[in-house]
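The numbers in the numbering used here rise by one with no breaks, and the one at position 58 of the sequence shown is 1158. Single-structure report; data block below.
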Amino acid sequence: MNISGGEALIRSLELEGVEVIFGLPGGAILPVYDPIIDSPIRHVLVRHEQGAGHMAEGFAHATGRPGVAMVTSGPGATNIVTPLADAYMDSVPMVCITGQVPTPSIGTDAFQECDTVGITRGVTKHNELVTRAEDIPLAIRQAFHIATTGRPGPVLVDIPKDIVDPMNPNSDMSWYWPSDADVSSSLPGYKPTMKGHPRKIKDAAELIARAERPVLYAGGGILKARAAEALLELAEMTGIPVVTTLMARGAFPDDHELCLGMPGMHGNYTAVTAMQRSDLLIALGSRFDDRVTGKLDGFAPEAKIIHVDIDPAELGKVRRPDVPIVGDCRLVIEELTRAVAALDPERRVDLTPWRQTLSGWQERYPLVYEQSDDGNLLKPQYVLEQLRDRSPSDTIVASGVGQHQMWTSQYWRFNHPYTWVNSGGLGTMGFSVPAAIGAKVGCPDRTVWAIDGDGCFQMTAQELVTAATERIPVKIAILNNAYLGMVRQWQEMFYEERYSEVYLSPDLPDYVKWSEAMGCIALRVESPDEVGPAIDKANEIDDRPVVLEFRTDSGEKVFPMVPSGKTNDEIVVDPVQGEGGR
1101 MNISGGEALI RSLELEGVEV IFGLPGGAIL PVYDPIIDSP IRHVLVRHEQ GAGHMAEGFA
1161 HATGRPGVAM VTSGPGATNI VTPLADAYMD SVPMVCITGQ VPTPSIGTDA FQECDTVGIT
1221 RGVTKHNELV TRAEDIPLAI RQAFHIATTG RPGPVLVDIP KDIVDPMNPN SDMSWYWPSD
1281 ADVSSSLPGY KPTMKGHPRK IKDAAELIAR AERPVLYAGG GILKARAAEA LLELAEMTGI
1341 PVVTTLMARG AFPDDHELCL GMPGMHGNYT AVTAMQRSDL LIALGSRFDD RVTGKLDGFA
1401 PEAKIIHVDI DPAELGKVRR PDVPIVGDCR LVIEELTRAV AALDPERRVD LTPWRQTLSG
1461 WQERYPLVYE QSDDGNLLKP QYVLEQLRDR SPSDTIVASG VGQHQMWTSQ YWRFNHPYTW
1521 VNSGGLGTMG FSVPAAIGAK VGCPDRTVWA IDGDGCFQMT AQELVTAATE RIPVKIAILN
1581 NAYLGMVRQW QEMFYEERYS EVYLSPDLPD YVKWSEAMGC IALRVESPDE VGPAIDKANE
1641 IDDRPVVLEF RTDSGEKVFP MVPSGKTNDE IVVDPVQGEG GR
């Protein structure tokens, strides 16, 4: 049966189980938009291509399935580069389809032409320019296979207009669907290692048994591997405390007695110091990010390292491991649990003294903030506590980047995996609103809150038009402190209060009127006694997007903090707690 390349592309997506595409049509991709009319795939029409990419990411974060975005050539493709880079840094499975000028026009500087493959080579796991209609089904099968296996990541497929246009003879093809064998044989060099080396796992178990101050250092790879249950079993069997990085929040329940919370530049004192004083770090799907290590040559000086990662390039990239294990986190953790359980219990070190030390730190240096003297100044931490306590426990939370991101990670209690959607590695302002929309599309029965700053919100707020039009009832909390808050904090602490280009104004734009103009219900909250009722009202509305603007204290800073270039031993706690230390 002969069909057009455009029909073949949509049929391929259907056979890959795609239920939704986030996209924006344009000239080069236009022929593909015609068969979408007859497809069961839902298309969400975005207002900017960056929104399409972040929605696909949010969908993937929340569901574990690859998000799909489709845009046109030239500026359409370049507008989605930021989401591709974001997904690449955070190992998010995503398939992006871009239109391209017709094959005879490639290289002629044709209208809306750009070298999409060249531009995106450094921010995709794989990308490809397809030049024949008959290659489209295999290219799509390859794209989904590569995006979702091994270390997940974004894959881009660039499609010239002539091979999908039914009016062009180059588009005519005989339909077929490649088998699994066809996909494997077409990617001879791509064979991710799934199972850990038995000898390395045994060596790791021996180190665990002898450690006096071990820490399980859980990274985002735990969630990508769907290994949260395996991690819980290992922690409970060994009694080893767990830190969850910014990308791993929810991978281990915050209310568990072994959970130490988030480490890093704005992690809590106990999580940061536990890693620093440990004698064994068991790194699971984590990459020793600079925000976690602080000054590298001063990081965890006494710790031996067990490093488990599906990507062999991560092992030894930052910190040389004593026991490197390449493999899928879930499978390796399950094997490691069995290996530790098989050891003589008499050989294992009693961790009670270590646990008592950690408990002392938790008691001495909890997360704190000061209410204002008159009680009327709205603290962002208080807003987050109220949002947390008044929303369902399995609420999906998406954040932008900056102070509000750190406060959300600190003050929300993540007791369910796959409920935290954020931009970690790239730190993309504007991520929150479209990512929350994508998460809500993927999980329509769940409450989804986007926690945003006024700076971030202004970057991608137009996607609330998408949410209103498509009836996607996300909820947005804007912590409006009238500043680029994290930049202001650094300028106050390290630049002698020389505030350069960080003031945004509390009133311009008017966030309530703007949100209402985009089809949302919007409320402004200016005092603590208004916070609870506003949140309750927002949680009751489920037929359109809701925006709450919270006028928060512009001078509030995020603590604890490890200053840039300093070691984790130099962590700065809230001034009310005095100086931190060992």
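From the three backbone atoms N, C-alpha and C, an ideal C-beta is built for every residue, glycine too.
N-terminal and C-terminal residue of the alpha helix (DSSP H) that residue i is part of
{"i": "L1316", "result": "Careful: L1316 lies outside any alpha helix (DSSP H), inside the beta strand (DSSP E) at P1314 to A1318."}
{"i": "W1507", "result": "Q1503 to Y1511"}
{"i": "R1464", "result": "T1452 to R1464"}
{"i": "I1635", "result": "P1628 to E1640"}
{"i": "D1390", "result": "D1390 to T1393"}
{"i": "A1281", "result": "D1280 to S1286"}
Simplified DSSP assignment, three categories, for residue i
{"i": "E1228", "result": "strand"}
{"i": "A1374", "result": "helix"}
{"i": "P1260", "result": "strand"}
{"i": "I1576", "result": "strand"}
{"i": "Q1677", "result": "helix"}
{"i": "N1270", "result": "helix"}
{"i": "M1559", "result": "helix"}
{"i": "V1118", "result": "coil"}
{"i": "M1101", "result": "coil"}
{"i": "H1297", "result": "coil"}
{"i": "R1142", "result": "strand"}
{"i": "P1534", "result": "helix"}
{"i": "A1550", "result": "strand"}
{"i": "I1236", "result": "helix"}
{"i": "G1153", "result": "helix"}
{"i": "V1449", "result": "coil"}
{"i": "R1682", "result": "Because R1682 sits at a pLDDT of 38, beneath the cut-off of 50, its placement in the model cannot be relied upon, and the following sentence gives the value as read from the coordinates. If DSSP states are grouped into helix, strand and coil, R1682 belongs with coil."}
{"i": "L1431", "result": "helix"}
{"i": "P1131", "result": "helix"}
{"i": "F1311", "result": "In the sequence on display, residue 1311 carries Ala and not Phe. It is coil, neither helix nor strand."}
{"i": "V1662", "result": "coil"}
{"i": "I1110", "result": "helix"}
{"i": "G1158", "result": "helix"}
{"i": "V1565", "result": "helix"}
Span of the beta strand (DSSP E) around residue i
{"i": "E1649", "result": "V1646 to R1651"}
{"i": "A1325", "result": "Taken as a continuous stretch (DSSP letters only), A1325 belongs to no beta strand (DSSP E), as it is neither H nor E."}
{"i": "A1196", "result": "Here residue 1196 turns out to be Cys, not Ala, going by the sequence shown. Element bounds for C1196: M1194 to Q1200."}
{"i": "D1409", "result": "K1404 to D1409"}
{"i": "G1416", "result": "It is not in any beta strand (DSSP E) - G1416 carries neither H nor E in the DSSP assignment."}
{"i": "M1347", "result": "Element bounds for M1347: n/a, residue is neither H nor E."}
{"i": "G1425", "result": "Looking at the sequence provided, one finds Ile at residue 1425 rather than Gly. Where I1425 is concerned, the enclosing beta strand (DSSP E) stretches over V1423 to V1426."}
{"i": "G1361", "result": "C1359 to G1361"}
{"i": "G1176", "result": "Premise fails: G1176 lies in the alpha helix (DSSP H), P1175 to N1179, not in any beta strand (DSSP E)."}
{"i": "G1167", "result": "G1167 to V1171"}
{"i": "A1383", "result": "L1380 to L1384"}
Distance between beta carbons of residue j and residue i, contact taken as under 8 Å
{"i": "H1504", "j": "G1538", "result": "In fact, because the Cβ distance is near 19 Å, the residues do not count as touching under 8 Å."}
{"i": "F1594", "j": "V1625", "result": "At roughly 32 Å, the Cβ-Cβ gap does not stay under 8 Å, so F1594 and V1625 are not in contact."}
{"i": "P1183", "j": "F1244", "result": "At roughly 18 Å, the Cβ-Cβ gap does not stay under 8 Å, so P1183 and F1244 are not in contact."}
{"i": "L1381", "j": "A1371", "result": "Not quite, the Cβ-Cβ distance comes to about 12 Å (not below 8 Å), so this is no contact."}
{"i": "G1151", "j": "P1534", "result": "4 Å"}
{"i": "P1202", "j": "D1134", "result": "No, P1202 and D1134 are not in contact; Cβ-Cβ is about 17 Å, not under 8 Å."}
{"i": "P1517", "j": "A1328", "result": "4 Å"}
{"i": "G1502", "j": "D1190", "result": "Not a contact, Cβ separation roughly 17 Å."}
{"i": "Y1317", "j": "A1383", "result": "5 Å"}
{"i": "V1118", "j": "I1141", "result": "6 Å"}
{"i": "G1427", "j": "G1296", "result": "4 Å"}
Environment of residue i [buried if 16+ CB atoms lie within 10 Å]
{"i": "V1468", "result": "exposed"}
{"i": "I1137", "result": "exposed"}
{"i": "F1514", "result": "buried"}
{"i": "Y1369", "result": "buried"}
{"i": "Q1456", "result": "exposed"}
{"i": "A1403", "result": "buried"}
{"i": "F1659", "result": "buried"}
{"i": "G1105", "result": "buried"}
{"i": "R1682", "result": "At R1682 the pLDDT is 38, less than 50, meaning the model places this residue with poor confidence; the figure from the coordinates comes in the next sentence. Exposed, because fewer than 16 other Cβ atoms sit within 10 Å of the Cβ of R1682."}
{"i": "E1596", "result": "exposed"}
{"i": "W1277", "result": "exposed"}
{"i": "L1396", "result": "exposed"}
{"i": "E1149", "result": "buried"}
{"i": "D1545", "result": "exposed"}
Closer than 7 Å to chain E by CB, residue i
{"i": "Q1150", "result": "The displayed structure is made up of one protein chain only, and chain E is not part of it."}
Which complete alpha helix (DSSP H) runs does the region 1568–1623 hold, if anything under 4 residues is left out?
1585–1594 and 1611–1617
Return the chain-ordered ranges of every beta strand (DSSP E) run that is complete within the region 1471–1500 and spans a minimum of 3 residues.
1496–1499
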